[in-house]
Amino acid sequence: MGLLTFGLNVTLDGCYDHREGIADDELHDYFTQLMDAAGAMLWGRVTYELMESAWPAVARDENAPRAMREWARKLEAKPKYVVSASRRDFPWNNTFRLEGDLREAVTQLKEKTPQGVLVGSPTLAAALERLGLIDEYRLVVHPVFAGHGPTLFQGLEPSRRLELVSTHRLKSGQVAMHYRRTL
1048 MGLLTFGLNV
1058 TLDGCYDHRE
1068 GIADDELHDY
1078 FTQLMDAAGA
1088 MLWGRVTYEL
1098 MESAWPAVAR
1108 DENAPRAMRE
1118 WARKLEAKPK
1128 YVVSASRRDF
1138 PWNNTFRLEG
1148 DLREAVTQLK
1158 EKTPQGVLVG
1168 SPTLAAALER
1178 LGLIDEYRLV
1188 VHPVFAGHGP
1198 TLFQGLEPSR
1208 RLELVSTHRL
1218 KSGQVAMHYR
1228 RTL
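Here my numbering = 1-based position in the sequence shown + 1047.
Below, the structure is given as structure tokens:
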């Protein structure tokens, strides 16, 4: 069974607004490597629509920065699963709707994806964390105080303890942290 890994950018004050981070080539390369290691992506509808509105065009843009274009092209080819109660049609290449009970559907996805699944939706990740389904966390902390939300895992109870696997400092001051769920 593959691992379910939650990967996301976050500011020092916990904000996950994608406009607050430092999106340079090294960051895109980092997330491209994470995606390459995974067998599939998993998103909620809101994150899917955000990604769908931006990345297919970047994949076809000959003038896009190298790291962004590489991410976009690999994302095009990667299987993408979406959890949505309201949307059924997902025209972006290699996109599938995850149906049924969330715990059961994600467990089945993990079972059929031995390389693992990378989830990048904060709201979906909170639901998956409540179900105890997330195995690892790959958070990139940016040296920014956003001063606003939304923030990660708001209202999650009880508290969780994680084991630090590794850290990696990026040139722009971000710190990529790899944590694993403790038993």
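All C-beta atoms, glycine included, are put in the ideal place defined by N, C-alpha and C.
Report yes or no: do three or more beta-carbon pairs, one from the segment 1078 to 1090 and one from the segment 1150 to 1165, lie closer than 8 Å? yes
What did DSSP end up calling residue 1130 once you bin it into helix, strand or coil? strand
By Cβ distance, which residues of its chain are closer than 7 Å to residue 1124, with the 5 residues on each side in sequence left out? 1141
Alpha carbon to alpha carbon, what distance is there between residue 1136 and residue 1187? 31 Å
When you compare the segment 1112 to 1124 with the segment 1196 to 1215, are there three or more beta-carbon pairs, one atom per stretch, that lie closer than 8 Å? no
Roughly how many angstroms lie between the CA atoms of residue 1094 and residue 1106, to the nearest whole one? 18 Å
Paired residues, beta bridge with residue 1176 - DSSP: Residue 1176 is not bridged to any residue.
Excluding sequence positions up to five away, which residues of its chain have a Cβ less than 8 Å from the Cβ of residue 1208? 1229
Limits of the unbroken alpha helix (DSSP H) element including residue 1113: 1113 to 1124
Could you tell me whether the segment 1063 to 1075 touches the segment 1183 to 1197, using the rule of 3 or more Cβ pairs below 8 Å? Taking 8 Å as the limit for Cβ pairs, the verdict is that the segment 1183 to 1197 does touch the segment 1063 to 1075.
On the DSSP letters alone, give me the boundaries of the alpha helix (DSSP H) that residue 1156 sits inside. 1149 to 1159
If the criterion is Cβ atoms closer than 7 Å, does the pair residue 1227 and residue 1176 meet it? no
Continuous beta strand (DSSP E) stretch holding residue 1183: start and end: 1183 to 1189
Cβ separation of residue 1193 and residue 1062, assumed to be a contact under 8 Å, to the nearest whole Å: 4 Å
Using only the alpha-carbon positions, how far apart do residue 1169 and residue 1110 sit? 30 Å
Apply the 10 Å Cβ neighbour rule to residue 1153 and answer buried if 16 or more other Cβ atoms are within range, or exposed otherwise. buried
Counterpart residues of residue 1081 in DSSP-defined beta bridges: DSSP links residue 1081 through a beta bridge to no other residue.
Per DSSP, residue 1056 is paired with what? 1187
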